Amino acid sequence: MRQDSPWIDFNLYLITSRAETLGRGLEYVVEEALRGGVRAVQLREKDLTSKELYETAYELRRVTARHGAKLFINDRVDVALAVDADGVHIGASSLPIYKVRRLLGEKKLIGVSCHNQVQAITAQELGADFITFGPVYFTPSKAAYGDPVGNDLLGTVAEMLQIPVFALGGITPENCTEVLGCGVHGIALISALMSAPEPRDAARTLLSLLPHLEPAVV
Numbered sequence: 001m002r003q004d005s006p007w008i009d010f011n012l013y014l015i016t017s018r019a020e021t022l023g024r025g026l027e028y029v030v031e032e033a034l035r036g037g038v039r040a041v042q043l044r045e046k047d048l049t050s051k052e053l054y055e056t057a058y059e060l061r062r063v064t065a066r067h068g069a070k071l072f073i074n075d076r077v078d079v080a081l082a083v084d085a086d087g088v089h090i091g092a093s094s095l096p097i098y099k100v101r102r103l104l105g106e107k108k109l110i111g112v113s114c115h116n117q118v119q120a121i122t123a124q125e126l127g128a129d130f131i132t133f134g135p136v137y138f139t140p141s142k143a144a145y146g147d148p149v150g151n152d153l154l155g156t157v158a159e160m161l162q163i164p165v166f167a168l169g170g171i172t173p174e175n176c177t178e179v180l181g182c183g184v185h186g187i188a189l190i191s192a193l194m195s196a197p198e199p200r201d202a203a204r205t206l207l208s209l210l211p212h213l214e215p216a217v218v
């Protein structure tokens, strides 16, 4: 991690999906997860228009701020700047990391989605603050990214990198401990929280399995 960047003071990373809220409003599910202790949310709703995405991001910025949580915007640097989000999360088809850094400035965070070892190493070399790596296990939302990477490769990547690695894909309370044994900083989740009947309780359960982190002093 860059020494002058804010700490990655979270290890449970919620990624949104309106399609998985069981008919409930996105803001409701996110706030319930925040009430359960989630402290980092990535707004990832690729089907929204720019106006719709901005409006949703604006509301989530208000909600996350109330709970002292970080907000990341998937791919859209302009929207992140417009709502003063804490950072962006980008992928292989996004703007290059150095361009994103130039636009965001040094005080914002950049997360990068990685699906193989080369992508992970490259992301670190180019200045990412943290990565998500996966899918670790099969999950319908990540099927397009190929076969699961598995725990062995996850552990290799976590050991090689000096920036935080978040395991992503098919992670549940039942396999969370096994994933953490690979040496990752934390876990990133979609359905385990977005589709949980009680997102607040689900967040509390997951956090009880994760190491306690002290809040960052920035």
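Numbered according to UniProt numbering, the sequence shown spans residues 1 to 218.
Every residue, glycine too, gets a C-beta built ideally from N, C-alpha and C.
Bear in mind that the values here come from a model prediction, so they are computed numbers and not experimental data.
Which value, in whole angstroms, describes the spacing of the CA atoms of residue i and residue j?
| i | j | result |
| --- | --- | --- |
| GLU31 | GLN117 | 34 Å |
| GLY170 | GLY105 | 33 Å |
| ALA202 | LEU189 | 11 Å |
| GLU159 | LEU180 | 12 Å |
| ALA40 | ALA123 | 20 Å |
| LEU14 | LYS70 | 10 Å |
| ARG35 | HIS67 | 8 Å |
| ALA167 | LYS107 | 24 Å |
| ARG102 | TRP7 | 19 Å |
| ARG204 | SER94 | 33 Å |
| SER50 | ALA19 | 18 Å |
| GLN119 | ASP47 | 25 Å |
| VAL100 | PRO140 | 29 Å |
| ASP129 | PRO197 | 32 Å |
Taking the alpha carbon of residue i as the point to measure from, which residue in the options has its own alpha carbon closest?
| i | options | result |
| --- | --- | --- |
| ALA82 | PRO197, GLU59, ASP201, ALA92 | GLU59 |
| VAL77 | ARG66, TYR98, ARG62, GLY68 | TYR98 |
| GLY186 | ARG102, GLU52, PHE133 | PHE133 |
| GLU52 | ALA33, VAL79, PRO96, VAL29 | VAL79 |
| LEU161 | LEU95, VAL184, ARG204, THR172 | VAL184 |
| LEU26 | THR139, ASP75, THR56 | THR56 |
| ILE131 | GLU198, ILE163, GLU20, THR16 | ILE163 |
| CYS176 | THR156, LEU206, ARG61 | LEU206 |
| ILE73 | ASN151, THR16, ASN11, GLY155 | THR16 |
| residue 220 | PHE138, LEU43, LEU95 | What is shown of the chain runs 1 to 218, which leaves residue 220 out entirely. |
| ASP152 | GLU178, PRO173, ASP129, GLY127 | GLU178 |
| GLY127 | THR156, PRO96, ASP147, GLY155 | PRO96 |
| ARG44 | VAL38, GLY37, TYR54 | TYR54 |
| TYR28 | PRO140, VAL100, VAL157, VAL63 | VAL63 |
| GLY37 | ASP9, ASP47, LYS46, PRO140 | ASP9 |
| CYS182 | THR156, ASP147, LEU48 | THR156 |
In the DSSP assignment, the alpha helix (DSSP H) including residue i goes from what residue to what residue?
| i | result |
| --- | --- |
| VAL149 | That residue, VAL149, is in no alpha helix (DSSP H); it is neither H nor E in DSSP. |
| GLN124 | 117-125 |
| PRO173 | Careful: PRO173 lies outside any alpha helix (DSSP H) and carries neither H nor E. |
| PRO199 | 199-209 |
| GLU27 | 26-35 |
| LYS99 | 97-104 |
| ASP78 | 77-82 |
Taking residue i as part of the beta strand (DSSP E), name the residues at either end of that continuous run.
| i | result |
| --- | --- |
| TYR137 | Per DSSP, TYR137 belongs to no beta strand (DSSP E) and is neither H nor E. |
| CYS176 | No beta strand (DSSP E) contains CYS176, which is instead part of the alpha helix (DSSP H) from 176-180. |
Could you please give me the residues that DSSP links to residue i through a beta bridge?
| i | result |
| --- | --- |
| LEU12 | ILE187 |
| LYS70 | ALA40 |
| VAL165 | ILE131 |
| VAL112 | ILE90, ILE131 |
Look at the Cβ atom of residue i, then the Cβ atom of residue j, and state whether they are nearer than 9 Å.
| i | j | result |
| --- | --- | --- |
| GLY91 | SER113 | yes |
| SER195 | LEU22 | yes |
| ARG200 | ALA33 | yes |
| VAL149 | VAL165 | no |
| ASP84 | ARG61 | yes |
| ILE110 | HIS89 | yes |
| ALA192 | PRO173 | yes |
| LEU154 | ASN11 | no |
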